[in-house]
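Going by this note's numbering, the sequence shown opens with residue 529, and the numbers climb by one from there. Below you'll find the structure, written out as structure tokens, and then a few comments.
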Amino acid sequence: MKQISILAFLALFLFSCTDRGIEDSKGKLRLINASYLTGDINLYIEYDPVFSSNVQYLNYSLFREFIAGTRKLQIKNASGTMIVDTSITIEENKTYSAFLYDSAGTVKYKLLNELFFSPGGSNCKVRFLHLSNDAPAVNAIQQFDTTFRFENFTNGMHSEYTPMATGLHQFHVNTVSGNNTIYTNQFEYEAGYLYTMYLKGNVSSQGIDSLGIFIITDSGNY
């Protein structure tokens, strides 16, 4: 009788799990290639490539889901050379962006935990990163509202998302020393979106790696 009761309990437990479904805890991760020096790159998790095609310079991948936990993370260039060899702890329902960027002729890796909270109303949100290989410390100044700025950013620094009114906005990137404008960017910002604005490239270059601002647009649907 006791055996029958145990078997009945196990059957009920298994039926209950099947009926409700058992879902893995997952987080999301994407790769952003801001490194001219490395060229095309791919992300490897637990030694397996994540994307079927490499992520080119000034491009980024879609978010990919991974089971939560500590995972081996590697980034390799198109020829298979290891650029980053580390680990990442992916938490349930968390979202991450992995940046590869240049710094004084070397390649660096930066991981950000994304907090995609809606701007609300008719506003958007903007953040700034200094990922230029050789630009000095800069201020990013919004021309139409000179009180809105990201001040004294050096290579590798990032801000949090900052609310901003929507519409056409122009940012001047000025050197902290001398207040010289080294780049100007104009962009139409829309309500409800979050914008990642990063400084890229080299000050003296005229090619694809020239100094500039690259903008990534995100919404709640990612």
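The beta carbon of each residue, even a glycine, is placed where N, CA and C say it ideally should be. Here the structure is a predicted model, which means the values were calculated and not measured.
For Asp662, no beta strand (DSSP E) segment is defined, and its DSSP state is neither H nor E.
For Ala562, the three-state secondary structure derived from DSSP is strand.
Look at the beta carbons and you see the region 560-570 not touching the region 702-715: under three pairs across the two are nearer than 8 Å. Tyr575 is classed as exposed because its beta carbon has fewer than 16 other beta carbons within 10 Å across all chains shown. A check of alpha carbon separations from Pro691 across Phe678, Thr682, Thr712, Tyr726 identifies Phe678 as the nearest. Spanning the alpha carbons of Arg558 and Leu601 requires a straight line of approximately 12 Å.
Between Leu643 and Tyr624 the beta-carbon gap is near 11 Å, outside 8 Å, which marks them as no contact. Around the beta carbon of Gly729, a 10 Å sphere encloses 16 or more other beta carbons of the protein chains shown; the residue is thus reported as buried.
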